Each structure stands twice: as structure tokens, then as C-alpha cells.
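Student: Take a look at this one; I'll ask things after.
In my numbering, the protein residues as written are 2 to 106.
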């Protein structure tokens, strides 16, 4: 759940800057925009704040699951690396069984 919200918050915070970057990259000759602030003014004047978030749903479909998986994997690996006693492994086993992932009954 935390990974979901972290991914969504990050996408919402960064997306307007990414939109401006894309506009400026499309205008690589500098014929439409005089710079970043001019690009921002024109986007706001032509499409409003909604224009800064055009295409956000697609970005959220990618960013939110990726952040959730990344943060979950990071948390599990940190638990395993900081508490190696949670690993039960013998040379005769082909895999290890992390105790921190077992259900607690």
C-alpha cells in the first residue's frame, strides 16, 4: 500500500515538469517556446492546469506498480541482509527459506 501511494505521489509531483520537458524537446529548434517559463505560460494559457497533466493516467499505470514492487523488494532485502539469522539454509538445499516471510500463526 505504501509503495502504491509513493508511486502515485511521485508521478503527480513530477509529471508537470516532464510535460514541459517533452514540449521543449519537440520544439528542438526553439521556434515555439523561448524557454521553460515561456513553455509553462503557453501550456497554461492554451490548455490550463489540465494540460500539464495530459497523459497522467498512462504514467500512473506504469509508475505505481513499479514503485510498489521496488519498495516491497527493498524492504524484504533489507530485513534479510540486516538479520541473516532469519535465513535457514543448508548446503543440501537448493534454495533458502526466509523466515521473515513466513506467516505468523
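Beta carbons are placed, not taken as given, at the ideal position from N, Cα and C, and that holds for glycine. Predicted model only: the values in this text are computed from it and were never measured.
Please work out which residues of its chain come closer than 7 Å, Cβ to Cβ, to residue 26, disregarding the five sequence neighbours upstream and downstream, and give them in chain order.
Tutor: The count along the chain shown starts at 1 and reaches residue 26 at position 25. Answer for residue 26: no residue qualifies.
Student: How is residue 95 classed by DSSP in three states: helix, strand or coil?
Tutor: Along the chain shown, one-based indexing puts residue 95 at 94. Residue confidence for residue 95 is low, a pLDDT of 49 falling below 50, so the modelled location carries little weight; the figure read from the coordinates is stated next. Reduced to three states, the DSSP call for residue 95 is coil.
Student: Please confirm whether residue 41 and residue 20 have their CB atoms less than 7 Å apart.
Tutor: As a first step, residue 41 is located in the chain shown; it is residue number 40 there, counting from the start. As a first step, residue 20 is located in the chain shown; it is residue number 19 there, counting from the start. Not a contact, by the Cβ cut-off of 7 Å.
Student: Taking all protein chains shown into account, decide if residue 78 is buried (16 or more other Cβ within 10 angstroms of its Cβ) or exposed.
Tutor: As a working note, residue 78 is residue 77 in the chain shown. Flag for residue 78 reads exposed.
Student: Determine the closest residue to residue 6 out of 82, 61 and 83, with distance taken between C-alpha atoms.
Tutor: Indexing the chain shown from 1 puts residue 6 at position 5. Of 82, 61 and 83, the residue nearest in Cα terms is 61.
Student: Would you be able to state if there are at least three C-beta pairs under 8 Å between the segment 31-40 and the segment 62-73?
Tutor: Segments in contact, no.
Student: To the nearest angstrom, how far is the alpha carbon of residue 51 from that of residue 29?
Tutor: Here residue 51 refers to the residue found at position 50 of the chain shown. Here residue 29 refers to the residue found at position 28 of the chain shown. Their backbone Cα atoms lie some 24 Å apart in a straight line.
Student: Within the same chain, show all residues whose beta-carbon is closer than 8 Å to that of residue 55, passing over the 5 residues directly before and after it, in chain order.
Tutor: Here residue 55 refers to the residue found at position 54 of the chain shown. For residue 55, where only same-chain residues beyond five positions count, the Cβ hits under 8 Å are 20 and 48.
Student: Between the beta-carbon of residue 57 and the beta-carbon of residue 16, is there less than 7 Å?
Tutor: Within the chain shown, residue 57 is the residue found at index 56, counting from 1. Within the chain shown, residue 16 is the residue found at index 15, counting from 1. The answer is yes: Cβ separation under 7 Å.
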